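Asker:
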Amino acid sequence: ITTAVGMFKNANLSGVTIANDFRELVYADSMFENATLTNCTIILNLPKCVSSKNIFKNTTFINCHIYLVYTKLETLDSGFYSAIYDDETKISIKFGPIDNYGPIAKVVANYLFASSNIKTINIVDMLNTHNILYADYMFLNTLYDIDVSKFALTGAISANGFIKNNILFNGDVSRLNFNSCLYLDSAFDGCIS
23 ITTAVGMFKN
33 ANLSGVTIAN
43 DFRELVYADS
53 MFENATLTNC
63 TIILNLPKCV
73 SSKNIFKNTT
83 FINCHIYLVY
93 TKLETLDSGF
103 YSAIYDDETK
113 ISIKFGPIDN
123 YGPIAKVVAN
133 YLFASSNIKT
143 INIVDMLNTH
153 NILYADYMFL
163 NTLYDIDVSK
173 FALTGAISAN
183 GFIKNNILFN
193 GDVSRLNFNS
203 CLYLDSAFDG
213 CIS
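Sequential numbering of the sequence shown, starting at 23, is according to my numbering.
Okay, structure coming up:
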């Protein structure tokens, strides 16, 4: 399989485990868009995937574990945009190969979790976030407190509106590192601590 665009779009899956090594998959756009996942485990190792736009856009997660490993990813735009999470759902994303060897593309992660109800407890791991090049509006309009200290965005050149309009913001910004960042327009605009 080289393309899985919309593969489970609008699906209603319960008790399903998808733990395939999609070694040849290049495009995973909208793979689970608008799906409802209950008691599901999704483990995707995607060494050749370059695009996962909207992969879980508008998805409802109930007691799920999502584990994604990318090597050549170029864009994860709106990957979890407007998704709905319960407290038991856990997300792990690694922006780099499992063994940490080999090239990694610089990732566009704009609007990654925007307009969702994601909480810090939902995010177990976000590894190799230094490979994120663009983080614009990554947590725009999120409803709950996000501990931004989990994210080392040392490679990002742009993080406009990074956590804009987070109404319960209490993140430790002293640990954020924007060494390479050129654009931080409205990064914390509208945050209420």
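Beta carbons: idealized from backbone N, C-alpha and C, even for Gly. Just so it is clear, the structure is predicted and the values come from calculations on it, not from any experiment.
From the DSSP output, in three-state form, read off Thr-142 for me.
Answerer: If DSSP states are grouped into helix, strand and coil, Thr-142 belongs with the helices.
Asker: CB-CB under 7 Å to Glu-110, same chain, minus the five flanking residues each way: which ones, in chain order?
Answerer: Asn-85
Asker: List the DSSP bridge partners of Asn-67.
Answerer: According to DSSP, Asn-67 bridges with Asp-43 and Val-91.
Asker: Have a look at Thr-24 and Glu-46 and give me their C-alpha separation to the nearest angstrom.
Answerer: 5 Å
Asker: Quick check on Ile-189: buried or exposed, where buried means 16 or more other Cβ atoms within 10 Å of its Cβ?
Answerer: exposed
Asker: From Phe-54 to Lys-112, what distance separates their C-alpha atoms?
Answerer: Approximately 16 Å between the Cα atoms of the pair.
Asker: Going by DSSP, what residue range makes up the beta strand (DSSP E) through Asn-150?
Answerer: Asn-150 -> no beta strand (DSSP E), and no H or E assigned at all.
Asker: Classify Leu-204 as buried or exposed, calling it buried when 16 or more other Cβ atoms lie within 10 Å of its own Cβ.
Answerer: exposed
Asker: For my contact list, Lys-186 and Gly-212 are in at a C-beta cut-off of 8 Å; report their separation, rounded to the angstrom.
Answerer: 6 Å
Asker: Going by C-alpha distance, which of Ala-26, Ser-52, Thr-58 and Ile-40 is nearest Asn-34?
Answerer: Thr-58
Asker: From Val-130 to Phe-210, what distance separates their C-alpha atoms?
Answerer: 20 Å
Asker: Leaving out five residues before and five after Ile-154 in sequence, what residues of the same chain have Cβ atoms less than 7 Å from its Cβ?
Answerer: Only Phe-117, Val-129, Ala-131, Leu-175, Gly-177 and Ala-178 meet the Cβ criterion.
Asker: Give the straight-line distance between the Cα atoms of Phe-200 and Val-170, rounded to the nearest whole angstrom.
Answerer: 12 Å
Asker: Who are the near neighbours of Lys-141 in its chain, counting only those whose CB is closer than 6 Å to its CB and skipping five residues on each side?
Answerer: Tyr-166
Asker: Just grab the DSSP bridge partners of Ser-36 for me.
Answerer: Thr-60
Asker: Who are the near neighbours of Val-38 in its chain, counting only those whose CB is closer than 7 Å to its CB and skipping five residues on each side?
Answerer: Sequence-distant partners of Val-38 (beyond 5 residues in either direction) whose C-beta falls short of 7 Å from its own C-beta, in its chain, are Cys-62.
Asker: Could you check what DSSP says for Val-170 in three-state terms: helix, strand or coil?
Answerer: helix
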